[in-house]
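Remarks on the structure that follows.
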Amino acid sequence: MIMLNKTIRLFLDSIGRRDEYEFYLDKLHADHAACFALLCPDLGSIETGAEMLAFDLHFLLRLELVPAILLCGAEAAKMQEALLAESILRFQPLETGSPEIFIRESREAEKVPVLVAEHFTLEDALLALLPDVAKRIHFIRAAGGLKSAAGDLLPYVYTHKENFQPLETLEYDFPALGKKLLEERPGVHLSITSPINLLREIFTVKGAGTLFRKGSAIQYFHALENVDSDRLLGLLESSFGKKLNNEAFLDNVAHFYIEAGYRGAVLLEEHPAGLYLSKFAVGREARGEGLSLELWREVCHGHEAIFWRSNVSNPFNSWYDKQADGHHQAGKWQIFWRGVSADSISSIIEYCCGRGEDFAL
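Residue 174 in the UniProt record's numbering is what sits at position 174 of the sequence shown, and the numbering runs on without skipping anything.
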């Protein structure tokens, strides 16, 4: 972890939570690619947000994170001309010399390298550069992240699964490009955002744009005997940051929804009023990838009546509130329900309040 002076830390604090940006700083500095990210702007984002982009680049250099910028296609020359005034940048045609050497020399000069690929499509250039030059790609679009046909920002687009909302009319087929790259270069990170939201997209779990993902393989188990208990318990303790009081609570779980790599899980218990959501856990490495939403959709697709409790201090409660039909605070617990009949609400509140703690305090 690099030392952050007070000014830099105050700015990062304005972007997001300290534990989040420190996690991403450590993760990005541990990457062994030539640069930590490739930034792929469109002409509109440069024409309207060049000064903001330059500010972000200066800030990233102060964090010892050097990105590279990729300008592609017929508009590459116009984009280069619009950026020439920024003294922080160095330019080189993609087909001239080694991109890795150019990036290293730019880093040593405390400049940001710009690869100009006028005779390449964006797809061809990225396939040539990934993953050696970078494993993280941020498309920068004047209009920001992708939106639904109704105009709502889509935090995730699942390239290999059904997307639940139709997309806006796009000037470029980003979903098709995302699908191609995730197939040909597995493990890369792909997102799209606006110039003003780039740092928030990089350093927060929630992000500020659209993340492209294949979609997770969610496994369903009806019995504990089919579950890798050690991996599941490890996920729960790492996700909650606490030790379990007793592992025997797993014996009461009737439905297990678990991501194939044990990076996330939802555990449900039977109750006369519906199903009690005993645990909802997502590992730290998977946060910000949309796994929570994928797990939740699987659970809601299979079950109508669900209820759960959450500590009133849980920052996730605002999301829970959007998923629930109603909620009630009782002491330190916020109790939520979805699809539960009105005459059962008092009984589920009593049940939630009467349950003991599963984790050590």
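Ideal Cβ placement from N, Cα and C applies to all residues, glycine included.
Item: Three or more C-beta pairs below 8 Å linking the region 184-191 and the region 121-139; Value: yes
Item: Which of helix, strand or coil DSSP assigns to residue 200; Value: helix
Item: Best match in 88, 42, 226 for proximity to residue 55 [C-alpha to C-alpha]; Value: 88
Item: From 253, 42, 106, 69, residue whose alpha carbon lies closest to that of residue 145; Value: 42
Item: Beta-carbon proximity of residue 216 to residue 294, cut-off 7 Å; Value: yes
Item: Any non-hydrogen atom of the ligand GTP within 6 Å of residue 58 CB; Value: Only the bare structure without any ligand can be found here, which leaves the ligand GTP out of the picture.
Item: Span of the alpha helix (DSSP H), counted from its first residue to its last, around residue 175; Value: 174-184
Item: Residue interval of the beta strand (DSSP E) (run including residue 155); Value: Run containing residue 155: none; DSSP gives neither H nor E here.
Item: Cβ separation of residue 118 and residue 77, assumed to be a contact under 8 Å, to the nearest whole Å; Value: 6 Å
Item: Residue of 17, 40, 352, 49 minimising C-alpha distance to residue 273; Value: 352
Item: Environment of residue 213 [buried if 16+ CB atoms lie within 10 Å]; Value: buried
Item: Span of the alpha helix (DSSP H), counted from its first residue to its last, around residue 99; Value: 99-108
Item: Nearest-angstrom Cα separation, counted from residue 333 out to residue 312; Value: 5 Å
Item: Candidates 133, 160, 48, of which the one nearest residue 194 by Cα; Value: 48
Item: 7 Å Cβ shell around residue 161 - same chain, five flanking residues per side excluded; Value: 215
Item: Runs of beta strand (DSSP E) lying entirely within the region 20-62, each at least 3 residues, in chain order; Value: 38-41
Item: Chain-order list of residues whose beta-carbon lies under 6 Å from that of residue 255 (same chain, five-residue window excluded); Value: 268
Item: Presumed contact (8 Å Cβ cut-off) between residue 34 and residue 134, rounded CB distance; Value: 7 Å
Item: Simplified DSSP state of residue 270, which is helix, strand or coil; Value: strand
Item: As assigned by DSSP and simplified to three states, the class of residue 229; Value: helix
Item: Residue 159 classed as buried or exposed, judged by whether at least 16 other C-beta atoms fall within 10 angstroms; Value: buried
Item: Run of the beta strand (DSSP E) containing residue 193, from where it starts to where it stops; Value: 189-193
Item: Pair within 7 Å by beta-carbon distance, residue 210 and residue 20; Value: no
Item: Beta carbon of residue 388 nearer than 7 Å to that of residue 266; Value: Absent from the model: residue 388. The displayed extent of the chain is 1 to 361, so no value can be given.
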